[in-house]
Amino acid sequence: MSFEDEWAAARAAAADRAGIRLNRVPSQNGGGGGGGGGGTGGAGLAVKQDHLGAIGHAAYELNGRLAKDGNHARTDTTDAATCLSRNGFRTGSAMATVQETWASQLRTLLDACAHISNHLDYSAAAHAKDDEDIRTAFAVSKISEYFK
19 MSFEDEWAAA RAAAADRAGI RLNRVPSQNG GGGGGGGGGT GGAGLAVKQD HLGAIGHAAY
79 ELNGRLAKDG NHARTDTTDA ATCLSRNGFR TGSAMATVQE TWASQLRTLL DACAHISNHL
139 DYSAAAHAKD DEDIRTAFAV SKISEYFK
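Numbering (my numbering), first residue to last: 19 to 166.
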């Protein structure tokens with residue numbers, strides 16, 4: 019098989035796998051209603067409120083633990099750096115630099131955890147609102163069928 023033939027076959031196979039797959043809810047009448055679209059994976063994109071909530075809660079808990087445990091050695095490190103510097107050791111200023119860097123990195127990580135937690139809370143609320151809007155739109159479209 020030539021390179022061109024092999025490349026064409028690979029592109030065709032990739033195109034077959036790359037289609038968008040949408041979730042489907044099984045039919046209410048017990049007919050089984052088919053699953054997600056094609057392939058072996060089933061659903062292509064699914065948002066589950068409980069998953070978002072669990073990840074957001076984990077980020078919130080991590081933020082709390084980091085805020086407490088991340089500063090555990092701050093006072094002792096600062097005291098040691100001050101004492102070493104006062105006694106002429108260059109290690110004191112290096113230790114102070116390490117402490118400042120640690121504090122900066124800790125603030126960045128705390129901000130990231132808070133951002134993740136807040137964003138997932140917002141996403142869960144936004145998806146719930148979108149779901150309700152869609153349900154309402156379907157209900158209205160069903161009612162409007164009777165006026166035709």
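Each residue gets a CB set at the ideal place from its N, CA and C atoms; glycine is no exception.
Task: Alpha-carbon to alpha-carbon, residue 78 and residue 72 - done: 10 Å
Task: As assigned by DSSP and simplified to three states, the class of residue 106 - done: coil
TODO: Taking only the alpha-carbon atoms, compute the straight-line gap between residue 114 and residue 104 and give it to the nearest angstrom.
DONE: 12 Å
Open item on the list: What residue range does the alpha helix (DSSP H) around residue 75 cover?
Closed with: 67 to 87
Open item on the list: Quick check: the Cα distance between residue 92 and residue 122, rounded to an integer number of angstroms?
Closed with: 12 Å
Task: 7 Å Cβ shell around residue 99 - same chain, five flanking residues per side excluded - done: Around residue 99: 110, 113, 114, 117.
Task: Pick from 23, 137, 141 that is closest to residue 66, judged by C-alpha positions - done: 141
Task: Candidates 150, 82, 143, of which the one nearest residue 130 by Cα - done: 82
Open item on the list: Please report the distance separating the alpha-carbon of residue 24 from that of residue 132.
Closed with: 49 Å
TODO: Out of 120, 86, 76, point me to the one whose CA is closest to residue 96's CA.
DONE: 120
Open item on the list: Given this structure, state the Cα-to-Cα distance separating residue 89 from residue 124, to the nearest angstrom.
Closed with: 8 Å
TODO: Compute the Euclidean distance between the alpha carbons of residue 74 and residue 151, then round it to the nearest angstrom.
DONE: Those two C-alpha atoms are separated by around 24 Å.
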